[in-house]
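Residue numbers (the UniProt record's numbering): 1 to 293.
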């Protein structure tokens, strides 16, 4: 016995007409008649007394009507309850982002979030990692996707990695270094280095790698514009240190991206405060999979 069949039965009982019941249900009348005959066959009793002008419930039909109505009401309450759990999640999710988030899992996550919680607006706030971490810490933002700093995040902050990327050296395509499978970091000593500004989340990682190798990290050009990095390399100004997923590198025949050795891994992560009561939009986002709330 299906809920759809019970809905047909209740409609016929209330309308006292197969024709009007079909109109109410927006189906063809033969479909209604078929469902009622199937129900009567399943229960082993006639449910309606049929005559040319109207139909009336039999004794069995009168017994079934309140039971069917209650069953449908209970089913509707279940549907409404779970629909409201989605619809009631409203408001705005304040989400910080750094450059390059298109290469992380964030777009797919936000796509799923939008389909599941259409009542929530998402405000994306662009910035640098250090500033976004501070804004999450003080509650200005619900969460942010940032470059994980070399030092631990502030106490009480939680994170889940959204992207692991490799640091590469970008050199002109005709450079002797372009044909290598990797470039030892020591070979970059004395080169004109093109890197990121001090406000970039990538810069501290590069500084630490050079310090560990005992090499002076003397950048002659510093810019957070990845496309400008590549343009400067094309002009044979120097060697750029950037991430392998940098879209400015894709299909560019004038430059070559070579991994640095020892391998340097750069991570971007979704961060949020581990408070007992996160906002409902944030709780809904976390429930979709990046991490348990």
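Don't be surprised by glycine CBs; every beta carbon is placed ideally from N, CA and C.
All values reported here derive from a predicted model rather than from experimental measurement.
Item checked: Inter-stretch contact at 8 Å, needing at least 3 Cβ pairs: the stretch 130-150 / the stretch 108-119 -> no
Margin query: Using only CA atoms, which one of 94, 65 and 249 lies nearest to residue 226?
Written below: 249
Next item on the list: Can you give me the Cβ contacts of residue 124 inside the same chain, cut-off strictly under 6 Å, excluding the 5 residues immediately before and after it?
Entry: 95 and 97
Check: Are the Cβ atoms of residue 301 and residue 189 separated by less than 8 Å?
Finding: This structure cannot speak to residue 301, because the chain is shown only from 1 to 293.
Check: Terminal residues of the continuous beta strand (DSSP E) containing residue 195?
Finding: 193-195
Item checked: Inter-residue spacing [alpha-carbon to alpha-carbon] between residue 278 and residue 113 -> 16 Å
Notebook entry, point to check: Residue range of the beta strand (DSSP E) that residue 261 falls in?
Noted result: 255-261
Check: Roughly how many angstroms lie between the CA atoms of residue 243 and residue 165, to the nearest whole one?
Finding: 6 Å
Checklist line | Residues near residue 69 in its chain [Cβ-Cβ closer than 7 Å; skip 5 each side] | finding: 10
Check: What are the complete alpha helix (DSSP H) segments, minimum 4 residues, inside the stretch 174-214?
Finding: With a minimum length of 4 residues, the continuous alpha helix (DSSP H) runs that stay inside the stretch 174-214 are 203-212.
Next item on the list: Determine the extent of the beta strand (DSSP E) in which residue 172 is found, giving its start and end residues.
Entry: From DSSP, the beta strand (DSSP E) with residue 172 extends over 157-172.
Note to self: Going by the DSSP bridge assignment, what does residue 268 pair with across the sheet?
What the structure shows: 147 and 163
Checklist line | Start and end residues, beta strand (DSSP E) containing residue 111 | finding: Premise fails: residue 111 lies in the alpha helix (DSSP H), 106-116, not in any beta strand (DSSP E).
Next item on the list: Under 8 Å Cβ to Cβ from residue 181, same chain only, skipping five residues before and after it: list those, please.
Entry: For residue 181, where only same-chain residues beyond five positions count, the Cβ hits under 8 Å are 258 and 259.
Next item on the list: Have a look at 264, 74, 194 and 26 and flag the residue whose alpha-carbon is nearest the alpha-carbon of residue 220.
Entry: 194
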